[in-house]
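Data first, discussion second: the structure below is written as structure tokens.
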Amino acid sequence: MEVFEAMSTCRAMRYLKTDEVSTDLIEQVITAATWAPSPGNSQGRDFVIVTDKEKIQTIANSIEGSMAARVASMDRPDKSHRLMLDGTEYLLKTLKSCPVLIFVCGKPIYPHESPRESFVWSSIYPAAQNLILAARALGLGTVFTTFQGVAEPTIRETLEIPDDILMVA
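Structure representation (structure tokens):
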């Protein structure tokens, strides 16, 4: 699939298949993510890939427990919002069945003499977009979320992510 088709057909996929994803496909999307620009070519981003079913279950349960009531209480003033939030509720209930979770993380390492957190964001978001577009081009569904924010302590403990690493998406 060429890049413009991937961009124009890419959607937030909240109804995901449970089919296994090959290591080769995962490596391809991560490689594409690393091609994104970063400040000073600092490459201050990391990708935490989770395929262990028990860890996915632990993470999904923590996220669902924190998010379900919040999402259920949100207004659905029109069809667009209703569909998005219905999809979000479905994703929360089925996240535990996803074959792969990828957390996009970063560490303030730029500029070298005085690293600033603000530069992490300008590295993370292009990388995440590359990851999403590569997945789309390879026929994989993705959805960019910030669900990790509501369950960060559990996720950090489960995946042994150090405190100096920012969990962005």
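Using the numbering used here, you'd call the opening residue of the sequence shown number 4 and step up by one each time. The beta-carbon is built from N, C-alpha and C at its ideal position, and this holds for glycine as well. This structure is a prediction, so every number in the text was calculated from the model and none was measured.
Open item on the list: Given this structure, state the Cα-to-Cα distance separating residue 51 from residue 13, to the nearest angstrom.
Closed with: Locating residue 51 in the sequence shown gives position 48, counting from the first residue. Locating residue 13 in the sequence shown gives position 10, counting from the first residue. Residue 51 and residue 13: Cα-Cα distance of roughly 22 Å.
TODO: Evaluate residue 35 with the Cβ neighbour count: other Cβ atoms within 10 Å of its Cβ, from every protein chain shown; 16 or more gives buried, anything less gives exposed.
DONE: On the sequence shown, position 32 is the one that residue 35 refers to. Buried.
Task: Stretch-stretch touch, CB-based, cutoff 8 Å, three pairs: the region 154-161 with the region 132-141 - done: no
- [ ] Determine, using beta carbons only, whether residue 108 and residue 48 come nearer to each other than 8 Å.
- [x] Start at 1 with the first residue of the sequence shown, and residue 108 comes out as number 105. Start at 1 with the first residue of the sequence shown, and residue 48 comes out as number 45. A contact, by the Cβ cut-off of 8 Å.
Task: Exposed unless 16 or more other CB atoms sit within 10 angstroms - verdict on residue 4 - done: Residue numbering aside, residue 4 sits at position 1 when the sequence shown is read from its first letter. Exposed: under 16 other Cβ atoms inside 10 Å.
- [ ] Taking residue 138 and residue 145 to be in contact with their CB atoms under 8 Å, please state how far apart those CB atoms are, rounded to whole angstroms.
- [x] As a working mapping, residue 138 is identified with position 135 in the sequence shown. As a working mapping, residue 145 is identified with position 142 in the sequence shown. Going by Cβ atoms, the distance from residue 138 to residue 145 rounds to 5 Å, so yes, they are a contact pair.
Task: Host beta strand (DSSP E) of residue 49 (start-end) - done: Working through the sequence shown from its first residue, we reach residue 49 at position 46. Its beta strand (DSSP E) spans residues 48-53.
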